[in-house]
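Here is the structure we will look at, set down as structure tokens.
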Amino acid sequence: MMALLLPSCSQSADNLPPRWSEASRCPANRYGADGPPIHDAAPWLLVPPAARSAIEAAEKVRPAQRRAFTSLLSKLERQQPVSVVSVGGSMTAGMMCDDVLARRRMRNCSYPERFVELLRTAFYPPRERALLSHANRATGGTTTAAFLPQMDVLLAAHADAAVLADLLLVDFSANDEFEEQDWGLPSSAEVSRFLKQDKVFAATEVLLRRLAHVAPATAVLMVEGAAITTATGACHRQKLKCEPRLKEPRDVSGAQLAAQLYGMAYVRYPLMVKLRGVDYPRVNHPPYKIHIHIAAACLVWFCVFSSQLQQRELPELSSPVLLSRYVVCAKPQSRFDAASHFKRGNTSLETPQGDWRLLQDRPDKFGWIAHRRGQTIEFPLKFGPSPRVTLVYTQGYDRWGEVNVTFSGSSESFVLNAHHEQRTTVSSSLVMNVARNKMQRVDGGVKGFSIRPYETRTLRLRLLSKTFKIISVTSC
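Counting in the UniProt record's numbering, the sequence shown runs from 1 upward without gaps.
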């Protein structure tokens, strides 16, 4: 990944309010700071593609926009007043969005409003969330070109046109897909010879160049919320159900081409969802569930983009359900290390039981060693949520033999052989997934013994032949 220069106006973690930590600035895997997992609220969302898009955008965004987003993030993290303006067509305005249970309709139901609410819960305490204001100025039937004549007026954060928004969300994708850019003007043979992509690109280029001139300090987030479908131009007008299809990388709109060339942030929602995420009766007026998904995609994108822009660790992206299930054993529940026991004289460490001897059979080579058939050693082990055992032993040629391995409370056992044909003596590791029910030998490990989470069991080894040496035993 390309390293980004940290802008001078970004803030260090030491200067942030106490409630912030590296992991919690922007919760990319939750639908709001205290909300449900985003994978539950937006089950059709594909989080990794959304994150990858944000990482790529952070590498390519132009310097002026990098400064604008850094300033925006600084205000959010310091819980200062922030203004957001959204522009687009009727889809962006929330036309026909009706969330009955939540009592949300139209603009209050739209994805821009939901996205801003997610930012409020992520960055502000409840009593200060009004500091993040939002004006949805999207208008039905508006293409990018149709927006241009009055864009300077609509960019203002409030009635005072001298104050521009901190963040401008732009989404004309639905109307740009299905309408002529200047459909209110008489047709012209000179214009009709151009492809739709050419017209959208030209209108977007005018928009971006004007923004760079009149609003250089405004962070611009371009969103492609509409799906490309197999519909004819009249499909949505006739209120027929249009058959959707997921966009492919080659299906690049004129708006995205312009965004790429001008180094602008671009969220391409149709590439971030499963098919159901673009499956709605009217392409330009999706139901409220689609607005929830677009808002979720924008949140994931924004959180990852922010972390990359400020050179921080990625926020957690996976479902909290999975993250709690797949854990790293940072600190073993039990640990027996022969070298530590030998050097400390067994005074402060838990000691295994049995008649194996703790020896230094070679310089700086320590271990519990058995030479006599039937000698036994026992290691009392504690286990955590995912029971595992790692046994490190000496493997070699000539004098090395076998042990029987079992656990207290289990009728299962297996034989571990320390002899190999290579004329070398090495330390080998045996990994045991002792939570599994069925006994199974695999390359370098064992599964079985049916040990439940948080149990305490005793690992028992009995010498069967020749010599065996245990270097360490750890459990998790």
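Glycine residues also receive a C-beta, built at the ideal position from the N, C-alpha and C atoms.
Own chain, CB closer than 7 Å to ARG107, minus 5 neighbours either side, in chain order: ALA93, GLY94, GLU113, ASN136
Report the three-state DSSP secondary structure of GLN181 (helix, strand or coil). coil
Contact belief for SER74 with ASP176 at Cβ below 8 Å, rounded distance in angstroms: That belief does not hold up - the Cβ atoms of SER74 and ASP176 are roughly 33 Å apart, past 8 Å.
Please identify the residue among ILE290, LEU208, PRO320 whose C-alpha is closest to the C-alpha of GLY225. ILE290
SER192 to THR144, Cα distance in whole Å? 17 Å
Is the beta carbon of ALA165 sitting closer than 8 Å to the one on VAL85? yes
Find out if the Cβ-Cβ distance for the pair VAL473, PHE336 is shorter than 8 Å. yes
Helix or strand or just coil, what does DSSP make of PRO112? helix
Quick one: using the 10 Å Cβ neighbour count with 16 as the cut-off for buried, is HIS120 buried or exposed? Looking at the sequence provided, one finds Arg at residue 120 rather than His. Flag for ARG120 reads buried.
8 Å contact criterion, which PHE407 and ARG457 should meet: CB distance rounded: 5 Å
Hey, how far is the Cα of VAL415 from the Cα of PRO320? 39 Å
Rounded to the nearest angstrom, what separates PRO352 and GLY396 at their Cα positions? 24 Å
Of the listed residues THR218, ASP198, GLN256, PHE305, nearest to ALA58 (C-alpha basis): PHE305
State the Cα-Cα distance for the pair TYR124 and LEU261, rounded to the nearest angstrom. 34 Å
Note down, one range per segment and in chain order, each beta strand (DSSP E) of at least 3 residues found wholly within the region 273 to 340. 334 to 337
Do the region 285 to 300 and the region 36 to 56 touch if we need at least three Cβ pairs shorter than 8 Å? yes
Minimum C-alpha distance to ALA418 - residue among SER411, ASN433, ARG436, ASP398: ASP398
Of the residues LEU46, ASP34, GLY35, CYS26, which one's Cα is nearest the Cα of VAL273? LEU46
Bounding residues of the alpha helix (DSSP H) (the contiguous stretch that carries ILE451): Counting along the chain, ILE451 falls outside any alpha helix (DSSP H), and DSSP gives it neither H nor E.
Just reading off the alpha helix (DSSP H) that GLU59 is part of, what are its end residues? 47 to 60
Thinking C-beta only, is VAL170 closer than 8 Å to MET222? yes
Whole angstroms is fine: what's the gap from HIS134's alpha carbon to MET432's? 55 Å
Can you give the beta carbon distance from TRP301 to ALA54, rounded, assuming they're within the 8 Å contact cut? 5 Å
Among residues of its own chain, excluding the 5 on either side of PHE115, which ones have a beta-carbon nearer than 7 Å to its beta-carbon? ALA295, CYS298, LEU299
Tell me which residues share the same chain as LYS466 and place their Cβ nearer than 7 Å to its Cβ, disregarding the 5 neighbours each side in the sequence. ARG399, TRP400, GLY401
Candidates PHE379, ALA435, ALA338, ARG344: closest to LEU461 by CA position: PHE379
Would you tell me roughly how many angstroms separate the C-alpha atoms of SER450 and VAL434, rounded to the nearest one? 6 Å
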